[in-house]
Structures are given as C-alpha cells and as structure tokens.
Amino acid sequence: MTDLNELYEAQILDHNKSPRNRRRLEDADRRADGYNPLCGDKITVFIDLEDDLVKEVTFEGSGCAISTASASMMTQSLKGKTLDEAKALFAKFHSLITGEPCEIQNGPELGKLEVFSGVCQYPARVKCATLAWHTVNAALEGDVDDIVSTE
Ligand code: ZN
C-alpha cells in the first residue's frame, strides 16, 4: 500500500526471522502461558523483577510471524521499565491496534511498536499481535493460574 506499510512489514519479518530475547529464563520471578486459538500461537513469557523494575523479560513459543515479532519487540520495549510504565505501554499498544480510527501511525509515542499500527486493518491478526502483551500483563499481575487466552 504505502512505503510506510512496506517498511513496517520488513521490520516485522526481521523480528520473526531473528527474534530478540527468545529464550527461557530459569528461576524467573514471574511467568505466564498464552494461547491464541484463532491462529494457534503459543507463548510463554518470563520476567525477572528488581523491586518494581522489569529487569529482564524473555519469551518462548511458536506462532505466526506477527505473534513472534510482537513478542520480540515487546521484550525490547519492556526491559528496564517500571511496572506502571509497562502497564501504561500495554494500554497504549492495545488501543493502537484495536483503536478507532484504524490508521497507520508514525509518531514518537510508541517508538518501534508503531510498526504494528497497520495490524488493525486485519482484524483476524489483532489477537496475534496482542497475545504476548496479554500474557505479560497477566504475569505482571501475578494472575498465572490459567493459560491466558485471547478468546
Ligand atoms: Zn498468529
């Protein structure tokens, strides 16, 4: 469609090909499992906290390019954030992807995460892009008894 769209797509493909922080974190302070039955995406997130700081965040899983790239970029965005900042970022990201009007955005607010702004054009992929975030949010809330489902 637009050059911006192609640029964003290239970044998503790059993160899918070489996901950042995709590894198990032994003895993680928090972990949660997530599943998106619509697409079959599965993810486990691991978080190390230092007081209220996200010291380390990693993931394992298998899924489509969008879910993998989203998890990869999420770990980069959350590392070093406070719990409050992490939750605020989740809310912003969620409204970017599910928000009205659906439009490709290019601004400083979400940084690199704006590559996902085009996902709102594809309602079936919204849950792929938000799976990692819902899962990390559950881990941060300590609500990890059940597998987080995007359904
Ligand atoms: Zn998916």
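For the sequence shown, this note's numbering gives the first residue as 73, with consecutive numbering after it.
A virtual CB, placed ideally from N, CA and C, is assigned to each residue, including glycine.
These numbers were taken from a predicted model, which means no experiment stands behind them.
Hey, would you say the C-beta of ASP123 is under 6 Å away from at least one heavy atom of ligand 1?
-> Checking the Cβ of ASP123 against ligand 1 gives no.
Inset, instruction - Return the chain-ordered list of same chain residues with a C-beta closer than 7 Å to the C-beta of PHE165, the five sequence neighbours on each side being excluded. - result: Answer for PHE165: LEU182, LEU185 and TRP205, listed in chain order.
Buried versus exposed, by CB contacts within 10 Å (16 or more), SER90
SER90 comes out exposed.
Point to revise | Any non-hydrogen atom of ligand 1 within 6 Å of ASP105 CB | key: In terms of side-chain proximity, the C-beta atom of ASP105 is found no nearer than 6 Å to any non-hydrogen atom of ligand 1.
Terminal residues of the continuous alpha helix (DSSP H) containing SER139?
-> If you look at SER139, you'll find it in the alpha helix (DSSP H) that goes 137-150.
Query raised in the report: With a Cβ-Cβ cutoff of 7 Å, do TYR80 and GLY171 count as a contact?
Result: Between TYR80 and GLY171, the gap from beta carbon to beta carbon reaches 7 Å or more.
Next on the checklist: My output table needs one value for LYS164: the three-state DSSP class, helix, strand or coil.
Outcome noted: It is helical.
Suppose you measure from the CA of HIS87 to the CA of SER144; what does that come to, to the nearest Å?
Using only the alpha carbons, I get a separation of about 6 Å.
Rounded separation between THR207 and ALA160 - CA only:
Whole-angstrom Cα-Cα distance: 15 Å.
Looking only at its own chain, which residues have a Cβ that is under 7 Å from the Cβ of PHE162, when we skip the five neighbours before and after it?
-> For PHE162, the CB contacts under 7 Å within the same chain, skipping 5 residues up- and downstream, are TRP205 and ASN209 in chain order.
>> In this structure, how does DSSP classify GLY112 when only helix, strand and coil are distinguished?
In response: Here GLY112 carries a coil assignment [DSSP, helix/strand/coil].
task = Tell me whether the beta-carbon of THR116 lies closer than 7 Å to the beta-carbon of GLY133.
result = GLY133 is positioned such that its CB atom lies closer than 7 Å to that of THR116.
| query | According to the Cβ coordinates, are ILE169 and VAL198 closer than 7 Å? | reply | Less than 7 Å divides the Cβ of ILE169 from the Cβ of VAL198.
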